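2 protein chains.
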Amino acid sequence: MSVEDWDRDNCNVGRAIEFIGDKHTMLILREAFLRERRFDRIQRNTGIARNILSDRLGKLVSAGILTRRPYQERPRRYEYRLTEKGIDLWPLLVSLMEWGRRYGGGAEAIRLHHKGCGAVMTPYLACPECGEQIGARDVEALAGPQAVLRQSA
Amino acid sequence: MSVEDWDRDNCNVGRAIEFIGDKHTMLILREAFLRERRFDRIQRNTGIARNILSDRLGKLVSAGILTRRPYQERPRRYEYRLTEKGIDLWPLLVSLMEWGRRYGGGAEAIRLHHKGCGAVMTPYLACPECGEQIGARDVEALAGPQAVLRQSA
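Here you go:
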């Protein structure tokens, strides 16, 4: 079966996009990785309208990407932290940052410091088998075991 | 300056999200990386309404992420291909795919084959300095040279 005939209902990219394919959600995730946990600070840093921010935070909690816990009583206030499932979105943010740096004017408002070796660096994608750096042209997509043949229209 | 005080107007993640922080756009990019170039096939594979698809394709062309060129006259029909700027979004798609695989049920409709070494693999992020695999907890964000201090409210 060739990739062209594969039914996209079964697509992991599509599933991920269902959760995070929204610009407000992506900005909230950025703030979460910068350890901004409180509604008012996230609101200030993103400029998202309060009702939309409240909606998107609720969806991220429902999706298990953020957890919510009270940090204050009377009035009760919550903070939002990334779960493991949320932390696993880090490569997505790194990809956005690097592409934005390359094509958004080249400013570096943030740099990534690798605590292990001390380098200020931009991560790259590597092949776990051979260790080589890989890009789009080094890879081809093959139909996987759960690919489903498209029903013809 | 601490990262908390940095004005987000200068954010590369935010700039990238302006271009691609939309679920329709991200699905179109998926199709582009699967070498689907024609309106009708992209429409069929994504299920995006024709008017929205037309709008998003136009925006991707304007942004220099896709190019449009005719493949047929009378009636004139165009195909859409990734530019270099578009191809550089590949790490984003890989990140979405891997996260979707891990948290979307685990099905593998597509596998990535590294042409260089022959492995079927999932790329990982590595540090260019030491070569080690890196994740969110191995890295801290530092204010970069173009960070701008937030004006207090």
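Those protein sequence lines, which keep their order, are chains A and B.
Plus 60 on top of the position in the first sequence (first one is 1) and you've got the working numbering.
Plus 60 on top of the position in the second sequence (first one is 1) and you've got the working numbering.
For glycine and all other residues, C-beta sits at the position ideal for the given N, C-alpha and C.
All figures in this text were calculated on a predicted structure; none of them were measured in a lab.
Assumed close pair residue i, residue j - CB separation to whole angstroms, cut-off 8 Å
i	j	result
G164/A	N72/B	5 Å
L149/B	I77/B	About 12 Å separates the two Cβ atoms, so there is no contact after all.
R116/A	I88/A	6 Å
E158/A	T143/A	Incorrect: roughly 24 Å between the Cβ atoms, too far for contact.
C-alpha distance - residue i paired with residue j, whole-angstrom precision
i	j	result
R210/B	N70/B	10 Å
Y131/B	I112/B	22 Å
R95/B	I125/B	14 Å
R42/B	A109/B	No answer is possible for residue 42/B: the residues shown for chain B start at 61 and end at 213.
G146/A	R134/B	50 Å
G74/B	G107/A	12 Å
C177/B	G166/B	25 Å
L120/A	F99/A	13 Å
E168/B	D65/A	15 Å
I194/A	G118/A	37 Å
C190/B	Q103/B	44 Å
S114/B	S114/A	31 Å
Within-9 Å CB hit, residue i to chain A
i	result
T182/B	yes
V208/B	yes
V73/B	yes
T127/B	no
L152/B	yes
Q211/B	no
Y218/B	The structure shown does not extend to residue 218/B, since chain B spans only 61 to 213, so no value can be given for it.
L87/B	yes
Option nearest residue i by Cα separation, candidates the options
i	options	result
Y138/A	V180/A, A203/A, R129/A, G146/A	R129/A
A92/B	E133/B, D115/B, A109/B, T127/B	T127/B
T85/A	R68/A, A123/A, W66/A, D67/A	A123/A
G204/B	G107/A, R161/A, G74/A	R161/A
Y184/A	A167/A, D65/A, L156/A	L156/A
C-beta neighbour in chain B for residue i, strict 9 Å
i	result
V198/A	Before going on, a small fix: residue 198/A reads as Asp here, not Val. Yes, D198/A counts as interfacial toward chain B.
P135/A	no
E189/A	yes
E139/A	no
Beta-carbon proximity of residue i to residue j, cut-off 9 Å
i	j	result
D198/A	H174/B	yes
E192/A	A186/A	yes
L172/A	R90/A	no
I170/A	A196/B	no
P188/B	A179/A	yes
R136/B	R97/B	no
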